[in-house]
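Heads up: the sequence shown is residues -19 to -1, 1 to 351, going by mature numbering (1 follows the signal peptide of the UniProt record, and there is no 0). All C-beta atoms in this analysis are idealised placements derived from N, C-alpha and C, irrespective of residue type, glycine included.
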Amino acid sequence: MRKFIFCTTFLLSFLFSQAQKTYHGLPVITAKDSMADYRLGDDWYEGQWKISPQITADTLTIQCFLPVEDFTFYTDKDSIQFFLHPGQSHKFFVLLNDTSYAITVIQAIKPHFTTLTFDSVASLPAHLIYENNNQNPYLIQLRDKYRIDRLVKGAESNSERALKVMHWIHGLWKHDGYNAAEKKDALYILEKAEKGDNFRCVEFGIVTAACMNSIGLKARVLSLKVKDVETRLSGAGHVVAEVYLNDLKKWVLLDSQWDAMPVLHGIPLNAVEFQKAIKEHYSQLEISSLSGASKRMYTNWIYPYLYYFNCPFDNREGTDTEKLTIDGKKALMLVPQGAKNPTVFQGKYKLDYCIYTHSLNDFYAPPVSH
């Protein structure tokens, strides 16, 4: 009899615990804290979700770059795992503090990729001017003060040199999207960073281009803009650098804010090639990074910015250099075929300083020194 009572009690306890794992026919996990994490593949998103019982069906939308994605949702007490397929969703409840049920929906979608087309015929004469690295006092001071030659000592290729310098710049300050340097000057920015100042992507781009030029790699600051640059009120642009690698005879994107250089089949990519690779060759795409930047997080974040591209006509370094313009314009903008030439940035700032082109040969011509 005693054995029968024990077995009955155990069975009832088991059935009760099992009953608590579903609610209205859906799985249930428990939580004490309203903040939750999730993992997508190898990437962790900590504190990126708030459990909200007051919302009828709280939906977390996940972009799936692959046909099947391994996904796990974590609370402070429990977890639940799914294999996500684009176009499908998974529903479950989170029982918060043993009192409130929050229905949560994980919606998997395919990223919206845009096909960009450009001309391949040059439409402008040689017009982009680059540093000739011929005993430029400004670059000598930059290189010597920050021992940039030592950073690249032992590097066996230009891409390895670029990676080492980019990684060093990445660690100099934290990104602050609201703090603009008073001067667009790499030495000034570095001195302020040494005192604890943090800066925007713009300053990362300026310093990266200058440091590349200081070690003999011709470079330029590259501004990226989203398709709706004219109407988006904030976050419509990002700034990186592009460097010309002589051993590969090509332009390559460097994003020191993220410590990221895109690579496909062993070849570093420029900004336009990067956009195409995300769309057409995501599985083979790599992000070279000495700090381990996440491919998924970086590509998902930067992709919308890879639509409009502009760089200065005059890319020489030095605070006392009078910058050259063409027809009163200071920059060249690469615009996809069929797209509007933007004339406003974020709804209120004039974009009246660019000459527009659809030609990749105009924009990615080998650098010419002045």
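Opposing strand residues paired with residue i [DSSP bridges]
i	result
residue 401	Any answer about residue 401 is impossible in this case: the structure gives the chain only from -19 up to 351.
R20	W25, T53
S275	In DSSP, S275 forms no bridge with anything.
Q62	T53
Y82	L76
C45	Answer is none; C45 lacks a bridge partner.
W232	Y225
M242	S269
G218	K206
L282	Checking the sequence, you will find Trp at residue 282 rather than Leu. Answer is none; W282 lacks a bridge partner.
V325	K331
P8	T3
Whole-number beta carbon distance between residue j and residue i, since they are thought to touch under 8 Å
i	j	result
I32	V75	5 Å
I90	I196	The pair is not a contact, with the Cβ atoms about 43 Å apart (cut-off 8 Å).
Test item: CB-CB of residue i and residue j under 9 Å
i	j	result
V49	V210	no
I110	D308	no
Y286	H339	no
V233	E223	yes
K311	T96	no
Y288	L205	yes
A103	N322	no
D39	E27	no
E184	A161	yes
F46	W30	no
D166	F180	no
Simplified DSSP state of residue i, which is helix, strand or coil
i	result
C192	helix
I36	coil
S270	coil
D295	strand
F(-14)	At F(-14) the pLDDT is 42, less than 50, meaning the model places this residue with poor confidence; the figure from the coordinates comes in the next sentence. F(-14): helix per DSSP, three-state reduction.
F94	coil
G135	coil
F73	strand
P67	coil
S340	strand
V349	strand
I173	A quick correction: the sequence has Lys, not Ile, at residue 173. If DSSP states are grouped into helix, strand and coil, K173 belongs with the helices.
F99	coil
A89	strand
W154	coil
Residues near residue i by beta carbon distance below 7 Å, same chain, minus five either side
i	result
S138	D228
D57	A12, K13, D14
Q44	I90, P92, N281
residue 355	Because residue 355 is not part of the residues shown, which for the chain are -19 to 351, the question remains open.
R124	D130, S195, I196
L144	M242, S269, L271
Cβ shell of residue i (< 8 Å), same chain only, five flanking positions each side left out
i	result
F64	V49, E50, D51, F52
G328	E211, T212, R213, L214
L7	K72, F73, F74, I84
L245	E254, A258, H262, Q265, L266, E267
Neighbourhood of residue i by C-beta distance below 6 Å, restricted to the same chain and skipping five residues each side
i	result
A174	L153, W154
K304	D295
R277	D24
Residue-chain proximity (residue i, chain C), Cβ-Cβ < 9 Å
i	result
L341	In the structure shown, chain C does not exist; there is a single protein chain.
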